[in-house]
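Notes to accompany the following structure.
Here you go:
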């Protein structure tokens with residue numbers, strides 16, 4: 013029997029479909045449509061159960077994302093202003109006071125004395141011991157402040173001034189410095205790396221907020237009082253150009269970083285290894301490759317261009333001292349470097365969470381070795397510890413296929429952050445004359461690893477951030493910033509869902525690795541127990557620094573594990 017319709021000029025009808033089959037087909041089509049409109053669990057933000065996500069989720073819609081930048085900057089300003097209402101380093105502790113007075117005094121001396129005297133003037137009273145860009149920065153704000161009230165920076169007679177006017181001016185100067193350098197650089201780096209790692213715009217907004225509210229930097233720059241954000245911002249600009257392969261600009265920014273604060277040198281070996289490796293052609297980009305061909309592929313023009321950029325930038329910065337009116341410039345240049353690198357002070361001064369301070373409990377280094385011997389010993393140990401990250405990135409960039417031009421996408425951002433972090437931690441843990449605040453240097457590239465957007469990595473990076481803040485407790489307690497420390501620590505951890513007992517929603521606990529759960533859990537328990545002991549129990553008269561040493565020991569253990577974790581991930585990434 014014919015199945016076609018008897019009507020002429022009409023198409024053949026479709027085969028008859030049973031009702032069940034129609035229902036199945038309809039169900040499948042509906043399921044496909046749902047899959048297109050409903051995001052998979054993989055696309056859901058790892059922050060979606062946290063208070064910080066609840067606060068920022070309104071910016072998830074594309075038309076609203078432009079406003080996020082302004083809201084985040086305003087939030088950062090309010091937070092820093094609130095911290096700034098508290099006390100500062102050395103407040104009411106004359107005659108020497110603290111870092112606040114040091115920064116004010118440098119403004120005072122730079123606007124009243126010729127440059128040739130800056131690094132020689134009254135070294136017993138906060139002599140200038142930071143590089144020239146800090147001195148120029150002090151000069152600019154000293155001039156601005158003297159227009160408002162000349163008494164704030166009157167030579168010698170203004171020492172120890174602590175009235176409300178000078179405090180407000182100094183707080184604003186720190187805030188302006190951060191707004192001009194650090195915050196724009198942070199936005200740029202997060203945007204670039206976020207695109208490379210395919211981090212959603214919403215997650216980039218959340219991560220930016222987390223880093224802007226990072227307790228350690230906020231409490232040191234706007235509580236204790238310093239200008240670390242300028243150095244760190246210059247370093248971020250250097251990373252930005254490094255990842256864009258603008259190596260000359262990156263080198264210029266890096267020189268600016270180290271000529272503002274010498275601690276920027278903690279990053280130097282890694283950026284040197286990275287840029288040197290970039291001058292070679294990758295093994296897999298060479299026809300019929302061999303080691304000899306790789307060695308011959310060195311782009312001397314590129315390396316020399318970077319070297320010239322570094323030399324010219326240094327010359328420009330030092331030129332006011334080199335070409336000043338004084339006849340003999342060498343003693344001035346020599347004094348700058350003597351002040352910047354004070355090896356004569358000894359291996360360490362305060363109790364810091366690094367190798368030398370913690371192991372000094374067992375080995376009294378200062379009674380066994382001279383200052384010169386300790387300098388050489390710490391230098392050798394530091395070089396040995398930073399060799400692995402530098403060697404790994406050097407050989408990976410040259411001999412790893414994933415770093416060749418054929419690879420897409422090329423894995424630049426995460427290894428760069430891992431390498432900078434590992435190298436800086438090497439310096440912090442093993443180098444000479446480390447201070448509590450120096451933890452900010454390795455902490456920045458470590459914190460940027462939030463951009464990996466992995467739950468376990470997030471928990472580890474948050475753990476390190478909490479440990480860094482914990483390591484500065486003795487300093488902040490001395491500055492009477494106990495309230496600010498406590499509230500900021502609790503607030504930052506609450507925003508990340510750190511106080512929920514549902515482990516699935518608590519971002520501070522790793523989800524997959526049981527060993528990490530135990531290590532991090534015990535660490536947090538140790539930090540909490542320390543604060544209880546420190547509050548309730550007075551240390552024995554014989555050992556007045558007992559709790560400070562305990563604090564350093566706990567933090568040192570965490571930082572050492574972090575350093576090993578960074579090296580491991582740099583190897584396998």
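In my numbering, the protein residues as written are 13 to 585. Glycine included, C-beta positions come from ideal geometry on N, C-alpha and C. Model, not experiment: these values are computed from the prediction.
(1) For residue 387, name the three-state secondary structure that DSSP assigns.
(2) Just verifying my parser: in three-state terms, what is the DSSP assignment at residue 99?
(3) Buried or exposed: where does residue 517 fall if 16 or more other Cβ atoms within 10 Å of its Cβ makes it buried?
(4) Assess, as a yes-or-no matter, whether the region 195-203 is touched by the region 58-67 under the definition of 3 or more beta carbon pairs within less than 8 angstroms.
(5) Less than 6 angstroms between C-beta atoms, sequence neighbours within five positions excluded: which residues of the same chain meet that for residue 442?
(6) So, under 8 angstroms CB-CB, residue 505 and residue 511 are touching, yes? Tell me the CB distance rounded to an integer number of Å.
(7) Should the region 258-269 be called in touch with the region 209-229, which here means at least 3 C-beta pairs below 8 angstroms?
(8) Output yes or no for whether 7 angstroms exceeds the beta carbon distance between residue 185 and residue 237.
(9) State the DSSP-derived secondary structure class of residue 138, mapped to helix, strand or coil.
(10) Just checking, does the region 314-332 make contact with the region 430-441 on the three C-beta pairs under 8 angstroms criterion?
(11) Can you say whether residue 544 is buried or exposed, counting buried as having 16 or more other CB atoms within 10 angstroms of its CB?
(12) What number of angstroms, rounded off, separates the C-alpha of residue 39 from the C-alpha of residue 56?
(13) Identify which residue in 536, 119, 431 and 549 has its Cα closest to the Cα of residue 482.
(14) Hey, residue 266 and residue 283: beta-carbon distance below 7 angstroms or not?
(15) Using C-beta distances below 7 angstroms, list every residue in its chain close to residue 459, excluding the 5 sequence neighbours before and after it, in chain order.
(16) Figure out for me which residue from 456, 471 and 143 has the closest Cα to the Cα of residue 326.
(17) Go to residue 214, then tell me how far its alpha helix (DSSP H) extends in each direction, as first and last residue.
(18) Between the alpha carbons of residue 294 and residue 301, how many angstroms are there, rounded?
(19) Whose CA, out of 491, 230, 402 and 85, lies closest to the CA of residue 105?
(20) Could you check which residue in 583, 454 and 179 has the C-alpha nearest to that of residue 403?
(21) My guess is that residue 440 and residue 428 are in contact by the Cβ rule of under 8 angstroms, so how many angstroms apart are they, rounded?
(22) So is residue 525 buried or exposed if we call it buried at 16+ other beta carbons inside 10 Å?
(23) Whole angstroms is fine: what's the gap from residue 138's alpha carbon to residue 157's?
(24) Output yes or no for whether 7 angstroms exceeds the beta carbon distance between residue 471 and residue 520.
(25) Distance check for residue 159 and residue 61, CA to CA, integer angstroms please.
(26) Taking its Cβ as the centre, do 16 or more other Cβ atoms sit within 10 Å of residue 401, making it buried, or is it exposed?
(27) For residue 348, is the classification buried or exposed, using 16 other Cβ atoms within 10 angstroms of its Cβ as the cut-off for buried?
(28) Once you ignore the five residues that flank residue 291 on each side, which residues in its own chain have a CB closer than 7 angstroms to its CB?
(29) What is the C-beta distance between residue 230 and residue 92, in whole angstroms, given that I count them as a contact (C-beta under 8 angstroms)?
(30) Rounded to whole angstroms, how far is the Cβ of residue 268 from the Cβ of residue 246, which I believe are closer than 8 angstroms?
(31) For a quick check, are the C-beta atoms of residue 234 and residue 96 less than 7 angstroms apart?
(32) Between residue 624 and the rest of its own chain, which residues show a CB-CB distance below 6 angstroms, the 5 nearest in sequence each way excluded?
(33) Between residue 108 and the rest of its own chain, which residues show a CB-CB distance below 6 angstroms, the 5 nearest in sequence each way excluded?
(34) State yes or no: is the beta carbon of residue 532 nearer than 7 angstroms to at least one beta carbon in chain D?
(35) Out of 341, 500, 573 and 211, point me to the one whose CA is closest to residue 464's CA.
Straight from the coordinates:
(1) The residue given as residue 387 occupies position 375 in the chain shown. Residue 387 falls in the helix class under three-state DSSP.
(2) Taking the chain shown and counting its residues from 1, the one referred to as residue 99 is at position 87. If DSSP states are grouped into helix, strand and coil, residue 99 belongs with coil.
(3) What you label residue 517 is simply residue 505 of the chain shown in a count that begins at 1. Per the 10 Å Cβ criterion, exposed.
(4) In short, these stretches do not touch, since the Cβ pair count stays below three.
(5) By 1-based counting over the chain shown, the position of residue 442 is 430. Result list for residue 442: 367, 393, 394 and 397, in chain order.
(6) Here the question's residue 505 lines up with position 493 in the chain shown. Here the question's residue 511 lines up with position 499 in the chain shown. About 7 angstroms; that satisfies the 8 angstroms criterion.
(7) no
(8) In the chain shown, the residue the question calls residue 185 occupies position 173. In the chain shown, the residue the question calls residue 237 occupies position 225. No.
(9) If you number the chain shown from 1, residue 138 lands on position 126. Residue 138: coil per DSSP, three-state reduction.
(10) no
(11) Your numbering for residue 544 matches position 532 in the chain shown. Exposed, since its Cβ has fewer than 16 Cβ neighbours within 10 Å.
(12) Within the chain shown, residue 39 is the residue found at index 27, counting from 1. Within the chain shown, residue 56 is the residue found at index 44, counting from 1. Model confidence at residue 39 stands at a pLDDT of 45, short of 50, so the residue's coordinates are unreliable; what they give is reported in the following sentence. The straight-line gap from Cα to Cα measures roughly 25 angstroms.
(13) As a position in the chain shown, residue 482 is number 470, starting the count at 1. Selected option, being the one with the closest Cα: 536.
(14) What you label residue 266 is simply residue 254 of the chain shown in a count that begins at 1. What you label residue 283 is simply residue 271 of the chain shown in a count that begins at 1. For residue 266 and residue 283, yes; Cβs fall inside 7 angstroms.
(15) Along the chain shown, read from residue 1 onward, the residue named residue 459 stands at position 447. Only 223, 226, 473 and 477 meet the Cβ criterion.
(16) Looking up residue 326 in the chain shown gives position 314. Here the closest residue by C-alpha is 143.
(17) Your numbering for residue 214 matches position 202 in the chain shown. Taken as a continuous stretch (DSSP letters only), the alpha helix (DSSP H) holding residue 214 covers 213-224.
(18) Along the chain shown, one-based indexing puts residue 294 at 282. Along the chain shown, one-based indexing puts residue 301 at 289. Those two C-alpha atoms are separated by around 9 angstroms.
(19) Residue 105 sits at position 93 when you count from the first residue of the chain shown. Closest option to residue 105, Cα to Cα, is 491.
(20) The residue you call residue 403 lines up with position 391 of the chain shown. Of the candidates 583, 454 and 179, the one whose C-alpha sits nearest the C-alpha of residue 403 is 583.
(21) Counted from its first residue, the chain shown places residue 440 at position 428. Counted from its first residue, the chain shown places residue 428 at position 416. Going by Cβ atoms, the distance from residue 440 to residue 428 rounds to 19 angstroms, so no, they are not a contact pair.
(22) The residue you call residue 525 lines up with position 513 of the chain shown. Result: exposed.
(23) Within the chain shown, numbered from 1, the residue matching residue 138 stands at position 126. Within the chain shown, numbered from 1, the residue matching residue 157 stands at position 145. Cα to Cα, residue 138 sits roughly 19 angstroms from residue 157.
(24) Position 459 of the chain shown holds residue 471. Position 508 of the chain shown holds residue 520. Closer than 7 angstroms, so yes.
(25) Locating residue 61 in the chain shown gives position 49, where the first residue counts as 1. Locating residue 159 in the chain shown gives position 147, where the first residue counts as 1. Approximately 51 angstroms between the Cα atoms of the pair.
(26) Counting from one through the chain shown, the residue named residue 401 turns up at place 389. By the 10 Å Cβ count, residue 401 comes out buried.
(27) Here residue 348 refers to the residue found at position 336 of the chain shown. Answer is buried; the Cβ neighbour count reaches 16.
(28) Numbered from 1 along the chain shown, position 279 holds the residue referred to as residue 291. If we look at residue 291 and ignore the five residues flanking it on each side, its Cβ neighbours are 310, 311, 314 and 315.
(29) On the chain shown, residue 230 is found 218 positions in, with the first residue counted as 1. On the chain shown, residue 92 is found 80 positions in, with the first residue counted as 1. Between residue 92 and residue 230 the Cβ distance is about 6 angstroms, and since that is below 8 angstroms, they are a contact.
(30) Locating residue 268 in the chain shown gives position 256, where the first residue counts as 1. Locating residue 246 in the chain shown gives position 234, where the first residue counts as 1. The pair is a contact, with the Cβ atoms about 5 angstroms apart (cut-off 8 angstroms).
(31) Your numbering for residue 234 matches position 222 in the chain shown. Your numbering for residue 96 matches position 84 in the chain shown. Result yes, Cβ atoms of residue 234 and residue 96 sit closer than 7 angstroms.
(32) The structure shown does not extend to residue 624, since the chain is modelled only from 13 through 585, so no value can be given for it.
(33) Your numbering for residue 108 matches position 96 in the chain shown. Result list for residue 108: empty, nothing under 6 angstroms.
(34) Given the protein chain composition of this structure (a single chain), no chain D is represented.
(35) As a working note, residue 464 is residue 452 in the chain shown. Ranking 341, 500, 573 and 211 by Cα distance to residue 464 puts 211 first.
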